[in-house]
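To keep things clear, I will list the structure first and then write my remarks on it.
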Amino acid sequence: MITKKFTNGRGFTFYMSADHLSDQEQVRHNKIATFRQQGVEPYGDKYDVSHYSREIITKPDALDGKTVRLSGRIMTKRGHGKAGFAHIQDSEGQIQIYLREDRLGEKDYMLYKELDVGDIIGVTGEIFTTKKGEITVNVSSFSLLSKSLRPLPEKWHGLRDVELRYRQRYLDLMVNPEVRKVFIARSKIIQKMRTFLTDRGFLEVETPVMHTLAGGANARPFITHHNTLDMELYLRIATELHLKRLVVGGMDKVFELGRIFRNEGISTNHNPEFTTVEVYQANADYEDMMVLTEEMVASLAKEVLGTLTIEYQGKSLDFTPPWPRRDMQDVVKEVTGIDFDSIVDDVAARKIAREKNLELMPGLSRGEILFAFFEEFCEDKLSGPIFIKNYPVEVSPLARRNRRDPRFTDRFEAFMAGREIANAFTELNDPIDQRGRFEQQVSRRVSGDDEAHMMDEDFITALEYGMPPTGGLGIGVDRLIMILTDSPSIRDVILFPTMRPKE
RNA sequence: GGGCCAUUAGCUCAGGCGGCAGAGCACCUGACUUUUAAUCAGGGUGUCCCAGGUUCGAGUCCUGGAUGGCUCACCA
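Numbering (the working numbering), first residue to last: 3 to 505.
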């Protein structure tokens, strides 16, 4: 290690070295040693804080001339010989501080001059307003609370590199203030969601994350292993089947807000672990779930954003209930000109799919093809919010059949900005029909569809004891938060999105 | 998984046709007691993502790989 020693005019000794540390890191490491030599602890004790920055900025008149104590991270620093300005940032924002040598004394002022952007300090001083009109703390004393050993990202551009932003979210939060706003909004949305439901008499419950059988959705699970039991366990892909067991047990109104896991692709709309809320209400049906959905989303928008009309990526969305309700078959007819009501069998449906150049797995049924038409040609055109209802039975293995037309189920999905946000139905409570649906799923599984459901005998057994007529709703919480915070990527609303490790 | 693009200083980015590695901020040295992207004078601090190849010579061209972004497929 090549080391070069030099001393600056203020008695601080530095060693520049040629090892793995950058020059800026080396300087900061050396300062720690020098501070300790001078009796200054670089990782100080807790600082009694009287105010946060925002309280001071928002009511300067009441605090003018008053002494305040606050702590924060140095974000900018400007020296002027025997005086200096800096901005410190706390959880509420930034405030300017002013330090003078004739106030602090030579020793402390010299210590201040050695502080770096990124260091966390506690300051005590009086509030005043500078010539240029900025509310500022005239510091009478300060102490170093935590020495930062690495330089912060650039003050003007912030941290732009998306890879670094996700991998080192703490830096993103430090230097990109709008990021903090998104996650504060996320926290509020989830909190309001919880109180919205509990206020309406729903009971929050926790069901297993590790399943012996991953059900309730069409998705590939993550597999893990329990050593003592020596068995495979799956991380849950949905909370649905356990929540319905609770309804069988007499818990009439339940919900679970939590993380689920799907072993599938990653994209701007998909993270392997994500958050859903599922709600089940006995003596209700999917119409009731529509009302619940629109009321909940409207109340979240109102309470968190203060408005029912928002902009998402330049498009306007109005959450004022009631939202439009459209039949899937009607929407497909409107967009593609094809009336599935007049297509009576699977063969005719496959023929029309070929005409529209829709490449599908062989042997699909009429309902599956209708659903494919909807997804392919209609879904991304639904700016919403809108409810699409009456889903084919083949793609809805857990939903009750429509009384008048058993080819369909009493199911809807809510769409916003062309994305599915919610999925709900009148729950299938006929155990014999449910067994048939599972059997159909299993046969699809056998023929290669590894996302199809597995037979869940235990769930069937629960239904055989009798489940009351029940409405169920699932909401993709991350996606809803994306809409409400105008975030283009799901990674912008998940603090630590799944990333491949570096190297 | 396929296609396209990106990776250069701590950060944000430029580097035409292959010819000594660049700017701003940050940093270092000095000046400056109400500045605010402070200013002034001086200083470039680097595994050009990695490994090969072509070439007298590669940040630049070729091959392979890594990570990320967008997109298609899959899905919510």
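Here a beta-carbon is modelled for each residue, glycine too, at the ideal position from N, C-alpha and C.
Could you check how far apart the C-beta atoms of Ala284 and Val249 are, in whole angstroms? I think they sit under 8 Å. With 8 Å as the limit, Ala284 and Val249 qualify as a contact, their Cβ atoms being about 6 Å apart.
Per the DSSP calculation, Thr525 is bridged to which residue(s)? Missing from the structure shown is residue 525; the chain here goes from 3 to 505 and no further.
Does the separation of the CB atoms of Arg162 and Arg222 fall below 8 Å? Not in contact: Arg162 and Arg222 (Cβ atoms no closer than 8 Å).
Count the CB pairs spanning the region 177–186 and the region 216–231 that are closer than 8 Å, and state whether there are at least three. Judged by Cβ distances under 8 Å, the region 177–186 makes no contact with the region 216–231, as fewer than three pairs qualify.
Cβ-based burial, Met501 [other Cβ within 10 Å; buried from 16]: Flag for Met501 reads exposed.
Do the region 54–73 and the region 91–104 touch if we need at least three Cβ pairs shorter than 8 Å? In short, these stretches touch, since the Cβ pair count reaches three.
Taking 8 Å as the cut-off, decide whether the C-beta atoms of Gly386 and Leu319 are in contact. Cβ distance < 8 Å, so Gly386 and Leu319 count as in contact.
Would you mind sorting Ile496 into buried or exposed? The rule is 16 or more other CB atoms within 10 Å of its CB. A residue is called buried when at least 16 other Cβ atoms come within 10 angstroms of its Cβ; Ile496 meets this threshold and is buried.
Are Thr277 and Val479 touching if we call contact CB-CB under 8 Å? Going by C-beta atoms, Thr277 is nearer than 8 Å to Val479.
Along the beta strand (DSSP E) that carries Ile423, what are the first and last residues, could you check? Taken as a continuous stretch (DSSP letters only), the beta strand (DSSP E) holding Ile423 covers Arg421 to Thr428.
For Glu43 and Gly160, what's the separation of their Cα atoms in angstroms? When only Cα atoms are considered, Glu43 and Gly160 end up about 30 Å apart.
DSSP three-state assignment for Asp63, whether helix, strand or coil: Reduced to three states, the DSSP call for Asp63 is helix.
DSSP state of Gly2, grouped into three classes? Missing from the structure shown is residue 2; the chain here goes from 3 to 505 and no further.
Does Lys7 come out as helix, strand or coil in the three-state DSSP assignment? Any reading at Lys7 must be qualified, since the residue scores a pLDDT of 41, below 50, and its modelled position is unreliable; no value is offered.
So, are the CB atoms of Ser145 and Ile129 less than 8 Å apart? For Ser145 and Ile129, no; Cβs fall outside 8 Å.
Taking 8 Å as the threshold, find out whether the region 458–472 comes into contact with the region 424–444 through three or more Cβ pairs. With a cut-off of 8 Å, the region 424–444 and the region 458–472 count as touching, because enough Cβ pairs lie within range.
Could you spell out where the alpha helix (DSSP H) holding Gln26 opens and where it closes? That run of the alpha helix (DSSP H) goes Asp25 to Gln39.
Span of the beta strand (DSSP E) holding Thr507? In the structure displayed, the chain extends from 3 to 505; residue 507 sits before or after that span and is not available.
May I have the straight-line CA-CA distance separating Glu275 from Glu378, to the nearest angstrom? Near 26 Å, if we compare the C-alpha coordinates of Glu378 and Glu275.
Within a Cβ cutoff of 6 Å, which residues of the same chain sit near Pro499, ignoring the five residues on either side of it in sequence? Here Pro499 has Tyr168, Asn273 and Arg493 as same chain residues with Cβ atoms under 6 Å from its own Cβ, once five neighbours each way along the sequence are excluded.
Rounded straight-line distance, which links the Cα of Glu258 to that of Ala401: Cα to Cα, Ala401 sits roughly 19 Å from Glu258.
So which of Asn32, Leu166 and Gln193 has the shortest CA-CA distance to Pro503? Taking only the C-alpha atoms, the option nearest Pro503 is Leu166.
Within the same chain, show all residues whose beta-carbon is closer than 7 Å to that of Ile345, passing over the 5 residues directly before and after it, in chain order. Around Ile345: Ala351, Ile354 and Arg368.
Could you name the residues of the same chain whose beta carbon sits closer than 8 Å to that of Tyr236, not counting the 5 residues immediately before and after it, in chain order? Around Tyr236: Met212, His213, Thr214, Leu215, Ala216, Pro223, Phe224, Ile225 and Thr226.
In three-state terms, what does DSSP make of Leu400? Reduced to three states, the DSSP call for Leu400 is coil.
Own chain residues within Cβ distance below 6 Å of Thr241, not counting five before or after: Here the set comprises Thr209, Glu258 and Glu280.
So, with DSSP's three-state summary, where would you put Tyr172? In this structure, Tyr172 counts as helix in the three-state DSSP scheme.
Compute the beta-carbon to beta-carbon distance between Leu154 and Met176, rounded to the nearest angstrom, for a pair I have assumed lies under 8 Å. 7 Å between Cβ atoms; contact.
Between Val397 and Arg403, how many whole angstroms is the CB-CB distance? I'm expecting something under 8 Å. Going by Cβ atoms, the distance from Val397 to Arg403 rounds to 13 Å, so no, they are not a contact pair.
Which two residues bound the contiguous alpha helix (DSSP H) that contains Ile354? Its alpha helix (DSSP H) spans residues Asp348 to Glu357.
Residues in its own chain within less than 7 Å of Pro324 by CB, not counting five upstream and five downstream? Result list for Pro324: Glu296, in chain order.
How would you write the range of the alpha helix (DSSP H) that Gly369 sits in, first residue to last? Segment Arg368 to Phe375, the alpha helix (DSSP H) holding Gly369.
Going by DSSP in three states, Asp92 sits in which element: helix, strand or coil? In the structure shown, Asp92 sits in a strand (DSSP, three-state: E or B).
Give the DSSP-derived three-state secondary structure of Leu161 in the structure shown. Leu161: coil per DSSP, three-state reduction.
For Met484, count neighbouring C-beta atoms within 10 Å of its own C-beta (all shown protein chains included) and say buried if the count is 16 or more, exposed if not. Classification of Met484: buried, given that the 10 Å Cβ count is 16 or more.
List the residues that DSSP assigns as beta-bridge partners of Phe257. Glu206 and Val281, per the DSSP bridge assignment.
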